[in-house]
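Asks: Quick one: structure below, then a few questions.
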Amino acid sequence: GVVLAGLWTHFATADTPGSAFAQTQLERFQAVVDELEVTVEHVHAANTGALLTIGEPAHEFCPSLVRSGLALYGLAVTPELAARLDLRPAMKLTARVTQLKTVPAGTPISYGAHWQAPRRTRIATLGAGYGDGYPRLCSGRASVRLGGASRPVVGTICMDMCMVDLGPPDQAPATRVDLGDEAILFGPSGPTAYDVAQWSETIPYEICCGVPPRVPRRYVGPNAENAILSRSAQVSSPSV
41 GVVLAGLWTH FATADTPGSA FAQTQLERFQ AVVDELEVTV EHVHAANTGA LLTIGEPAHE
101 FCPSLVRSGL ALYGLAVTPE LAARLDLRPA MKLTARVTQL KTVPAGTPIS YGAHWQAPRR
161 TRIATLGAGY GDGYPRLCSG RASVRLGGAS RPVVGTICMD MCMVDLGPPD QAPATRVDLG
221 DEAILFGPSG PTAYDVAQWS ETIPYEICCG VPPRVPRRYV GPNAENAILS RSAQVSSPSV
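Here the numbering used here is used: the first residue of the sequence shown is 41, the next is one more, and so on.
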């Protein structure tokens with residue numbers, strides 16, 4: 041007889057706790073599978089959201105496997121849902137300081153001159169922009185972790201770079217940053233993927249999946265080798 045390798049469905053609203061539509065989808069899928077007169081090796085339905093919001097009903101019906109996409113990054117659609125599985129973020133996007141410059145009050149920064157220095161201030165340019173998966177919508181909204189402090193992103197985020205305000209050059213927080221220092225755009229010890237998603241009016245899925253191939257990956261683990269980095273932006277992730 042015919043043996044199917046797999047049969048699956050995908051929930052439209054599994055990220056919404058208590059969704060009646062997700063439950064209806066599961067019941068319809070169960071009815072279809074029950075009516076089939078073929079052997080199916082793997083029946084699967086649950087993604088990360090379904091694991092957290094539908095739970096046992098989805099797992100009991102599809103016990104052989106689940107499609108835990110976002111959970112592999114240590115995330116769920118919200119931090120509250122991620123906490124249910126004790127998920128820990130596993131991805132970090134960083135960039136190096138490529139330029140340091142002290143500018144007088146009133147100096148416009150980046151395209152459009154939308155932001156002007158309110159005082160004499162030190163500006164750090166980071167070697168990452170929207171071409172590296174750091175959304176342009178974060179302009180004027182985001183912050184990064186640099187030199188042991190949270191630093192606001194100022195001016196318009198460019199394709200290959202962005203700028204952050206380090207504060208007055210005679211203050212300690214500004215003087216702790218040097219050329220080549222690493223800034224955390226998102227990840228452990230810095231802003232979260234949820235933060236970047238909120239600043240750019242999207243979802244954490246898009247933030248994690250939006251880092252393009254030109255950004256080198258460095259997998260961190262007991263047996264992992266560090267990759268040679270060709271750009272100042274980089275992604276770090278534990279080996280799985």
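Just so you know, even glycine gets a beta-carbon here, dropped at the ideal spot from N, CA and C.
Just so it is clear, the structure is predicted and the values come from calculations on it, not from any experiment.
Once DSSP output is grouped into helix, strand and coil, what is the label at T178?
Replies: What sits at residue 178 in the sequence shown is Cys, not Thr. DSSP places C178 in helix when its eight states are reduced to three.
Asks: Along the beta strand (DSSP E) that carries L133, what are the first and last residues, could you check?
Replies: K132 to V143 is the extent of the beta strand (DSSP E) around L133.
Asks: Going by C-alpha distance, which of C198, P175, P158 and P231 is nearest L206?
Replies: Cα-wise, what sits closest to L206 is P158.
Asks: Who are the near neighbours of R216 in its chain, counting only those whose CB is closer than 8 Å to its CB and skipping five residues on each side?
Replies: Taken in chain order, the residues that qualify are G187, G188 and A189.
Asks: Does DSSP classify P213 as helix, strand or coil?
Replies: Helix.
Asks: Please say whether V251 and D126 have beta carbons closer to each other than 8 Å?
Replies: Not closer than 8 Å, so no.
Asks: Give, in chain order, every unbroken run of the alpha helix (DSSP H) that is at least 4 residues long and sits entirely within the region 193-245.
Replies: Taking only runs of at least 4 residues, the alpha helix (DSSP H) segments lying wholly in the region 193-245 are 212-215 and 233-239.
Asks: Taking the alpha-carbon of A212 as reference, which of V72, R162, S104 and S179 has the nearest alpha-carbon?
Replies: Answer by Cα proximity: R162.
Asks: Less than 8 Å between the beta carbons of I94 and L66, yes or no?
Replies: For I94 and L66, yes; Cβs fall inside 8 Å.
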